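Using my numbering, the first residue of the sequence shown is number 1, and each one after it goes up by one. Written out below as structure tokens is the structure these notes cover.
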Amino acid sequence: MKRKHTLAIFVATLFWAFLSSSALCGVILHKQSYRLIPGKGGTQALKEWAEYYQGNKVAVYQNNAIFVTDMGTDTLINILPSRKIYAVNSFGNFIKRIQNIVNQIRSQPQYREPPPAKSSLKVKIKKTGKTKKILGYFSEQYMVFSNGKRVRELWLTVKLPLAKEADVDKEREEKARIEEVIAPLAGSRDVELTQEYQNLLKGGKVPMVITSYIDGTEEVERIVRVEIVAISKEVFEVPKGYKKVPIERFMQH
């Protein structure tokens, strides 16, 4: 009887250890982007950054700023380490205040409105049937056409467990809404903002490599390293000693 009791305790301990390790597991994507130099066979580095996914939160660590999205509380945190300042807003409030900033910029006497963006893009997406492993993850190739012109190539995988760590569909949709607000300043509308492109990435699909064809050049964004590890909660928090400021002041920097 004592032996059975000991075995039960042992099994229960293993079970809780498994649950604890699963709950603490997260995903870190290390990314880089670069531009291919036509006719020279070289590349021009653009930027490197890391993305952290865990507990329904996403943190993007760039060289000069940190952006945290908490899908559970619908909160955005913008952090500027060089100034030790941060801004916190609900998603709805963030959109409203960014819209006000855009309106103020457009109302300035010296502002020159860029040519209006095309109101609609006829986007077609083709699955080529080509597959390969990228960093060990099975990936499939897709081609994206806008108004009959090839604009993007993607290698997508469903093997990365991002969707288990965070609501990545919601995070991507929120990002697209923000880009819609600031799009008039650029006078262009990216294919990423179309519903066809958004639908392509649903269902846990993760781009391992994205190649964008822009005015005769190729810009590549790729995942260069994947870590599936427990992520410290501090990664998603504001560092101690930072000053909270309105998003308008944050944007000035």
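Quick reminder that beta carbons are idealized off the backbone N, C-alpha and C, glycines included. All values reported here derive from a predicted model rather than from experimental measurement.
Would you mind giving the Cβ-Cβ distance between residue i and residue j, rounded to the nearest angstrom? I have them listed as a contact below 8 Å.
{"i": "Y53", "j": "A230", "result": "Contact doesn't hold; Cβ gap of about 12 Å is too wide."}
{"i": "T73", "j": "V88", "result": "The pair is not a contact, with the Cβ atoms about 10 Å apart (cut-off 8 Å)."}
{"i": "L193", "j": "E173", "result": "Incorrect: roughly 10 Å between the Cβ atoms, too far for contact."}
Using the DSSP secondary-structure output, state which residues sit across from residue i in a beta bridge.
{"i": "L29", "result": "E51, V226"}
{"i": "M251", "result": "Its beta-bridge partners do not exist; DSSP assigns none."}
{"i": "Q44", "result": "R35"}
{"i": "E153", "result": "M143, T211"}
Could you check the C-alpha separation between residue i and residue j for me, to the nearest Å?
{"i": "P114", "j": "N103", "result": "14 Å"}
{"i": "L121", "j": "V191", "result": "7 Å"}
{"i": "L29", "j": "T157", "result": "13 Å"}
{"i": "M71", "j": "G204", "result": "16 Å"}
{"i": "G267", "j": "T131", "result": "Nothing can be reported for residue 267: it is not among the residues displayed for the chain, which extend from 1 to 253."}
{"i": "P246", "j": "A163", "result": "31 Å"}
{"i": "K96", "j": "V181", "result": "9 Å"}
{"i": "K133", "j": "K159", "result": "11 Å"}
CB-CB under 6 Å to residue i, same chain, minus the five flanking residues each way: which ones, in chain order?
{"i": "L154", "result": "Y142, P207, I210"}
{"i": "V151", "result": "V144, V191, Y213"}
{"i": "I66", "result": "I79"}
{"i": "V68", "result": "A59, I77, F236"}
{"i": "N147", "result": "K122"}
For residue i, collect the residues of the same chain with a Cβ closer than 7 Å to its Cβ; drop the 5 residues on either side in sequence, then sort them by chain order.
{"i": "Y197", "result": "V123, V144, V191"}
{"i": "I85", "result": "Y242, K243, V245, F250"}
Who are the near neighbours of residue i in its chain, counting only those whose CB is closer than 8 Å to its CB and skipping five residues on each side?
{"i": "I125", "result": "Y142, M143, V144, F145, E196, Y197, L200"}
> Fully enclosed by the stretch 66-151, which beta strand (DSSP E) runs are 3 residues long or longer?
Replying inline: Complete beta strand (DSSP E) runs here, min 3: 66-70, 75-80, 85-90, 123-134, 137-146.
> In chain order, which continuous runs of the alpha helix (DSSP H) of length 4 or greater are located wholly inside the stretch 156-233?
Replying inline: Counting only unbroken stretches of 4 or more residues, the alpha helix (DSSP H) elements lying wholly within the stretch 156-233 are 162-165, 168-186, 195-200, in sequence order.
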